[in-house]
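Just so we're aligned, residue 0 is where the sequence shown starts under numbering that gives the first Met the number 0, counting upward by one.
Cβ atoms here follow ideal geometry from the backbone N, Cα and C, with glycine treated the same way.
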Amino acid sequence: MFPIRDHNPSNRTPFVTWGLIILNVAIFFGYYPERAGSEVLLSAFFADWALVPAEVLAGQDMHTVLTSMFLHGGWMHLIGNMLFLWIFGDNMEDLLGHLGFLAFYLVSGLGAAAGQILADTGSTIPMVGASGAIAGVMGGYLLFFPRARIDVLVIIFILIKIFTIPAWLMLGLWFGLQLVNGLSMDVAGGGVAYWAHAGGFVAGAVLVLPAWLRRGGPAFWSRWHGRPPHDEVSYVVERRRTSPIPRVRRVTTNETGGHVARGDLSRIPRSGTRRGGGGSPWRGGRG
Numbered sequence: 000m001f002p003i004r005d006h007n008p009s010n011r012t013p014f015v016t017w018g019l020i021i022l023n024v025a026i027f028f029g030y031y032p033e034r035a036g037s038e039v040l041l042s043a044f045f046a047d048w049a050l051v052p053a054e055v056l057a058g059q060d061m062h063t064v065l066t067s068m069f070l071h072g073g074w075m076h077l078i079g080n081m082l083f084l085w086i087f088g089d090n091m092e093d094l095l096g097h098l099g100f101l102a103f104y105l106v107s108g109l110g111a112a113a114g115q116i117l118a119d120t121g122s123t124i125p126m127v128g129a130s131g132a133i134a135g136v137m138g139g140y141l142l143f144f145p146r147a148r149i150d151v152l153v154i155i156f157i158l159i160k161i162f163t164i165p166a167w168l169m170l171g172l173w174f175g176l177q178l179v180n181g182l183s184m185d186v187a188g189g190g191v192a193y194w195a196h197a198g199g200f201v202a203g204a205v206l207v208l209p210a211w212l213r214r215g216g217p218a219f220w221s222r223w224h225g226r227p228p229h230d231e232v233s234y235v236v237e238r239r240r241t242s243p244i245p246r247v248r249r250v251t252t253n254e255t256g257g258h259v260a261r262g263d264l265s266r267i268p269r270s271g272t273r274r275g276g277g278g279s280p281w282r283g284g285r286g
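What follows is the structure, encoded as C-alpha cells:
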C-alpha cells in the first residue's frame with residue numbers, strides 16, 4: 000500500500016517542493032548511472048558523501064549530515080521518496096511559506112540524522128536518502144490535516160485497487176511500521192534506516208507545533224473537523240470512446256455537490272485574533 004495523491008490542493012505554487020525534487024533527481028543522475036554497475040565505485044562515492052554515524056560523532060565529515068539528504072541508493076529509493084515529497088510537500092509549503100518550508104525540510108532532515116545516529120552510535124554503515132526529511136513533512140502534514148483524504152494504491156497478487164483513506168490512518172500506519180521495524184531489526188546489520196524515518200517524522204511534527212498552536216491547536220481541528228480549511232478536490236474517472244485508457248480528471252468539491260470553498264491557510268485567523276470588520280474573537284471549535 001502506498002499513496003498516489005491527496006485531495007488537498009495548495010493555494011501557493013510549490014516552487015521549493017519542485018526545486019527539491021529537481022535537485023534530488025539531478026544529483027542522482029550525476030553519480031548513479033555511471034556507478035550503478037560497480038559496487039566498489041558506488042561505495043567509494045558514498046564513503047565521501049553519505050552519513051556515517053561513528054564518523055559524525057567523532058567530528059569527521061560533518062558535511063555529510065546535509066549531503067546525505069540528497070543521495071539515493073537506487074531507482075526505487077529515489078522514485079518512492081520523490082512521490083511522497085510531491086504529495087505532501089506542497090501543502091506544507093503552502094502553510095509555512097517558501098523559505099520557511101525549506102528551513103523546515105532541512106531541519107527535519109537533521110532530526111532524522113540524529114535519530115539514526117542515536118540508534119547506533121558506533122555504526123560505520125553509510126546512510127543516504129531524503130526519506131528522513133520527507134518523513135518530517137509527513138509528520139507536519141499529519142498534525143495539520145489529520146482527516147485530509149489520501150488515495151492509496153493497494154496491490155494484492157493480481158488485484159489492483161485504489162482506496163481513499165484519511166491521512167491519520169495512512170500516516171499513522173506508516174509511522175507505526177517504522178517503530179515496529181526499527182525495534183525488531185538489528186541496526187548494526189544495515190538495511191532501511193527506520194530510526195531516521197521515525198526521527199524525521201517526530202522532528203517535523205514538533206517543528207510545526209507552534210504554528211498549529213497559533214491557529215488554535217485542538218480548536219483548529221474542531222473548527223475544520225481535521226480536514227483542510229479550503230476546498231478539497233475529487234478525482235473523476237471518465238471513459239473515452241477513442242481510447243481504452245480512462246482519463247482521470249480533478250474537480251473541486253463544489254463542482255461535485257460538496258461543501259463550498261473555505262478560504263486558504265494564510266487567511267485563517269490565529270487563536271485570539273479577530274476576524275476583521277469588528278467580528279467576535281475566534282473561539283476555535285465553537286465558531
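Could you name the residues that DSSP lists as bridge partners for V153?
Sequence index remark: in the sequence shown, residue 153 carries index 154 (1-based). For V153, the beta-bridge partners assigned by DSSP are K160.
Using a Cβ-Cβ cutoff of less than 6 Å, which residues in the same chain neighbour G225 once the five nearest sequence positions on both sides are dropped?
Mapped onto the sequence shown, residue 225 falls at position 226. Cβ within range, chain order: P145 and R146.
Other residues of its chain near G18: CB distance less than 8 Å, five sequence neighbours each side excluded:
The residue you call residue 18 lines up with position 19 of the sequence shown. The beta carbon of G18 is closer than 8 Å to none in its chain, skipping five residues each way along the sequence.
Take every Cβ of the stretch 51-59, pair it with every Cβ of the stretch 84-101, and state whether three or more of those distances are shorter than 8 Å.
no
Quick one: grab the DSSP three-state call for V232.
On the sequence shown, position 233 is the one that residue 232 refers to. Here V232 sits in strand by DSSP.
So what does DSSP say about D119, is it helix, strand or coil?
Stepping through the sequence shown from its first residue, residue 119 is reached at position 120. Coil, per DSSP.
If we call anything under 7 Å between Cβ atoms a contact, is P2 one with I116?
Along the sequence shown, one-based indexing puts residue 2 at 3. Along the sequence shown, one-based indexing puts residue 116 at 117. Going by C-beta atoms, P2 is not nearer than 7 Å to I116.
Spatial neighbours of G190 in its chain, beta-carbon cut-off 8 Å, leaving aside the 5 residues before and after:
Residue 190 sits at position 191 when you count from the first residue of the sequence shown. For G190, where only same-chain residues beyond five positions count, the Cβ hits under 8 Å are M184.
Which residues bound the alpha helix (DSSP H) around D89?
Looking up residue 89 in the sequence shown gives position 90. Segment W74 to L95, the alpha helix (DSSP H) holding D89.
Rounded to whole angstroms, what is the Cα-Cα separation between G199 and F162?
As a working mapping, residue 199 is identified with position 200 in the sequence shown. As a working mapping, residue 162 is identified with position 163 in the sequence shown. If I take the Cα positions, the gap works out to 27 Å.
Which residue marks the beginning of the alpha helix (DSSP H) containing D47, and which one marks its end?
Within the sequence shown, numbered from 1, the residue matching residue 47 stands at position 48. Start and end: E38 to W48.
Taking the alpha-carbon positions, what's the V207 to N90 distance?
What you label residue 207 is simply residue 208 of the sequence shown in a count that begins at 1. What you label residue 90 is simply residue 91 of the sequence shown in a count that begins at 1. Distance between V207 and N90, taken at the CA atoms: about 13 Å.
For L41, I'd like the list of residues in its chain whose CB is within less than 6 Å of its CB, leaving aside the five on either flank, ordered along the chain.
The sequence position of residue 41 within the sequence shown is 42, counting from 1. So the list reads R34, once near-sequence residues are dropped.
Alpha carbon to alpha carbon, how far is E231 from R4? Give it in angstroms, no decimals.
Taking the sequence shown and counting its residues from 1, one reaches residue 4 at position 5. Taking the sequence shown and counting its residues from 1, one reaches residue 231 at position 232. One C-alpha to the other measures close to 12 Å.
T123, buried or exposed, once every other Cβ within 10 Å from all chains shown has been counted against 16
One-based indexing of the sequence shown puts residue 123 at position 124. With fewer than 16 other Cβ atoms within 10 Å, it is exposed.
Which same chain residues end up closer than 6 Å to A260 when comparing Cβ atoms and leaving out the 5 residues on each side of it in sequence?
The residue you call residue 260 lines up with position 261 of the sequence shown. In this prediction, A260 has a pLDDT of 41, which is less than 50 and means its spatial position is unreliable; what the coordinates show is noted afterwards. The answer, listed in chain order, is D230.
Among N10, F174, V201 and V127, the one whose alpha carbon lies nearest that of N23:
Sequence index remark: in the sequence shown, residue 23 carries index 24 (1-based). Among N10, F174, V201 and V127, the Cα nearest to that of N23 belongs to V127.
Among the residues of its own chain, which have a CB less than 7 Å from the CB of V64, if the five just before and after it don't count?
As a position in the sequence shown, residue 64 is number 65, starting the count at 1. Apart from sequence neighbours up to five positions away, the residues of its chain that approach V64 with a beta-carbon distance below 7 Å are L50, V55, L109 and A112, ordered along the chain.
Let's test the definition: count the other Cβ atoms within 10 Å of the Cβ of G43 and tell me whether it reaches 16, buried, or not, exposed.
Taking the first residue of the sequence shown as position 1, residue 43 is located at position 44. Reading off the sequence, residue 43 comes out as Ala, not Gly. Burial call: exposed.
Identify the continuous alpha helix (DSSP H) that holds P213 and give its terminal residues.
Within the sequence shown, numbered from 1, the residue matching residue 213 stands at position 214. Checking the sequence, you will find Arg at residue 213 rather than Pro. Taken as a continuous stretch (DSSP letters only), the alpha helix (DSSP H) holding R213 covers Y193 to R213.
Are the Cβ atoms of A197 and L178 separated by less than 7 Å?
By 1-based counting over the sequence shown, the position of residue 197 is 198. By 1-based counting over the sequence shown, the position of residue 178 is 179. Yes, Cβ-Cβ distance for A197 and L178 is below 7 Å.
From this set, F14, V136, G36 and S37, which residue's C-alpha is nearest S107's C-alpha?
Stepping through the sequence shown from its first residue, residue 107 is reached at position 108. Nearest of F14, V136, G36 and S37 to S107, Cα basis: V136.
Is the CB-CB distance between S9 and N80 below 7 Å?
Here residue 9 refers to the residue found at position 10 of the sequence shown. Here residue 80 refers to the residue found at position 81 of the sequence shown. Contact flag unset, no.
Based on Cα-Cα distance, which residue from L141, Y140 and A46 lies nearest to P125?
Walking along the sequence shown from the start, residue 125 turns up at place 126. Closest by alpha carbon: A46.
When you compare only the Cα positions, how much space is there between W85 and I159?
Taking the sequence shown and counting its residues from 1, one reaches residue 85 at position 86. Taking the sequence shown and counting its residues from 1, one reaches residue 159 at position 160. In this model, W85 and I159 are separated by some 22 Å (Cα to Cα).
With DSSP run on the structure shown, which of helix, strand or coil describes P2?
Here the question's residue 2 lines up with position 3 in the sequence shown. DSSP, reduced to helix, strand and coil, places P2 within a strand of the structure shown.
How big is the Cα-Cα spacing for V151 and L168?
Position 152 of the sequence shown, counted from the start, is the residue given in the question as residue 151. Position 169 of the sequence shown, counted from the start, is the residue given in the question as residue 168. V151 and L168 have their C-alpha atoms roughly 11 Å apart.
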